[in-house]
Every structure is written in structure tokens, then in C-alpha cells.
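Structure first, then comments.
Residue numbers (our numbering): 25 to 254.
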């Protein structure tokens with residue numbers, strides 16, 4: 025394959041994509057054809073870095089495909105745990121570099137908002153302790169930021185629709201009456217498929233979506249796991 029996706033696929037041609045999400049409480053990989061999920065494998069986030077390559081191979085074999093038959097790779101690029109985010113990115117970029125496949129990335133906050141059909145309101149993910157990743161959707165556009173439980177509760181006071189992906193965050197924000205919408209890798213497929221149709225992400229510039237300012241702190245910890253190529 026290789027090259028920019030728009031040069032390989034017209035809007036009517038099937039698009040076979042591998043989606044990867046290792047950012048949250050659970051990790052997973054999914055295969056899709058034109059945004060229709062044909063296979064999913066889930067694995068614990070704590071073992072994702074060790075098991076993800078074997079899991080991808082198993083999923084491909086079960087669908088009767090090889091990695092060279094894919095048209096592109098999509099990866100959820102955060103926000104989430106440092107190790108989890110870097111694991112998914114490293115694997116996705118490694119496959120794309122090895123096979124010259126296009127790469128698409130998407131924010132996990134955007135995945136949550138899309139999966140919950142949220143066009144106006146707040147999408148929230150846990151960031152550890154009482155910190156939160158927040159996506160604000162309004163008529164004027166969207167913005168991602170860091171906040172805290174106390175700050176968000178004090179600001180919103182239950183007047184805005186709030187969507188969360190984790191039960192623990194739902195409990196912390198109980199006074200805002202949030203709606204729980206757990207995420208899986210399949211939820212990312214529509215946005216990643218659409219992103220690949222538009223064009224690929226430059227491999228050199230593709231990086232984790234940290235949201236928080238302490239990306240400099242993460243950088244001091246190293247660049248994460250080395251690229252692994254199945």
C-alpha cells in the first residue's frame with residue numbers, strides 16, 4: 025500500500041483499518057471496514073504493552089487478514105495514562121513506518137463526546153486523584169483543558185450536560201448528575217475512519233494528547249516504549 029490515503033482510496037472504495045486504544049482503564053484493538061467494526065479484542069491496560077502485538081496478530085488471523093492488507097492505522101492519542109498513551113502511539117507508528125501506511129489520531133475526549141452524541145456540554149475523563157481532563161463543546165467550538173473536581177462542580181452547578189466514561193468520575197461529580205458512557209476501542213472507529221478519509225497524520229509530528237501542561241514533566245521520563253513492529 026503506502027502513500028497518502030487519498031491517493032490510494034476513493035470515497036467509494038473499502039477502507040480496512042486497525043484501531044488501537046490503550047489510554048483508559050482497558051485497552052483494545054479493532055478491525056473495521058468503512059467504519060463498520062468486524063472484530064475487537066480487549067486486554068487489561070496494565071499488560072497492554074506486553075500483549076498488544078500478539079493481540080493484533082490474533083485479531084488479524086481471526087479475520088483472515090495480514091497486516092500488509094490494511095489501508096491505514098488509527099490510534100487514540102490520549103489523554104490518559106502516560107504509559108498507556110505512549111504504548112498505543114509507539115505500536116501504531118511502528119506499523120505505519122514499517123509498511124508505509126497512513127496514520128490517523130484522535131482525542132479520547134472527542135471519542136467520548138461523539139459516542140455519547142454530545143454536541144453541547146462537557147465531556148470528562150479522570151486524570152488521577154481529583155484532576156480531570158475536560159472537553160467543552162459549545163456553539164463557538166470546542167476546547168480541551170485540565171480542571172479539578174472542586175472547580176468543575178463549583179462552576180457548573182448541574183446546569184450543563186456532563187458525560188463521563190468512568191464510574192469513579194461519575195461518583196466524584198455526582199452533584200452535576202453526569203451521564204456514564206463507558207468507552208471501548210470500537211467507539212473510536214468512526215472518527216478515526218473519517219480522519220483517514222481526509223488525510224493521514226505526519227508520523228514525525230504525531231504525538232500524545234496530554235491536555236495538561238506537564239507534558240514537559242512527561243518528556244523528562246523518556247519517550248515511552250520503543251516502536252514495535254509486528
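Glycine residues also receive a C-beta, built at the ideal position from the N, C-alpha and C atoms. Treat the numbers as computed from the prediction; the structure is a model and nothing was measured.
Contacts around residue i, its chain only, beta-carbon distance under 7 Å, and the 5 residues preceding and following it disregarded
i           : result
residue 166 : 159, 160
residue 92  : 123
residue 191 : 204
residue 182 : 199, 200, 201
residue 220 : 29, 39, 41, 96, 98, 126, 128
residue 206 : 189
residue 49  : 69, 190
residue 195 : none
residue 164 : none
Neighbourhood of residue i by C-beta, 6 Å cutoff - its chain only, sequence neighbours within 5 removed
i           : result
residue 59  : 213, 214, 217
residue 151 : 157
residue 57  : 38, 40
residue 108 : 46, 47, 69
residue 111 : 46, 72, 73, 249
residue 154 : 172, 173
residue 147 : 133, 136, 137, 159, 187
residue 43  : 54, 98, 209, 212, 213, 216
residue 175 : none
Residue from the options whose Cα sits closest to the Cα of residue i
i           : options            : result
residue 81  : 53, 143, 110       : 53
residue 61  : 222, 209, 194      : 209
residue 72  : 181, 106, 222, 219 : 106
residue 86  : 148, 65, 143, 110  : 65
residue 184 : 76, 84, 143, 88    : 143
residue 88  : 148, 55, 50, 147   : 55
residue 90  : 195, 162, 119      : 119
residue 193 : 175, 164, 149      : 149
Proximity of residue i and residue j at Cβ, strictly below 8 Å
i           : j           : result
residue 139 : residue 211 : yes
residue 99  : residue 78  : no
residue 126 : residue 96  : yes
residue 145 : residue 177 : no
residue 180 : residue 188 : no
residue 63  : residue 83  : yes
Anticipated Cβ contact below 8 Å, residue i with residue j, distance rounded
i           : j           : result
residue 141 : residue 168 : Not really, about 19 Å apart at Cβ, beyond 8 Å.
residue 103 : residue 133 : 7 Å
residue 76  : residue 101 : About 15 Å separates the two Cβ atoms, so there is no contact after all.
Residue i beta carbon near the ligand GDP (any heavy atom closer than 7 Å)
i           : result
residue 121 : In the structure on display, the ligand GDP does not appear, and there are no ligands present to speak of.
Residues of its chain near residue i, where Cβ-Cβ distance is below 8 Å and the 5 sequence neighbours each way are ignored
i           : result
residue 162 : 144
Only counting runs of 4 or more residues, tell me where the alpha helix (DSSP H) segments fall wholly within the segment 42-89, in order along the chain. 72-86
Pick out the complete beta strand (DSSP E) segments inside the segment 132-174, 3 residues or longer, and give them in chain order. 145-150, 155-162, 165-172
Unbroken stretches of the alpha helix (DSSP H), 4 residues or longer, contained in the segment 171-223: 173-180, 191-196, 213-222
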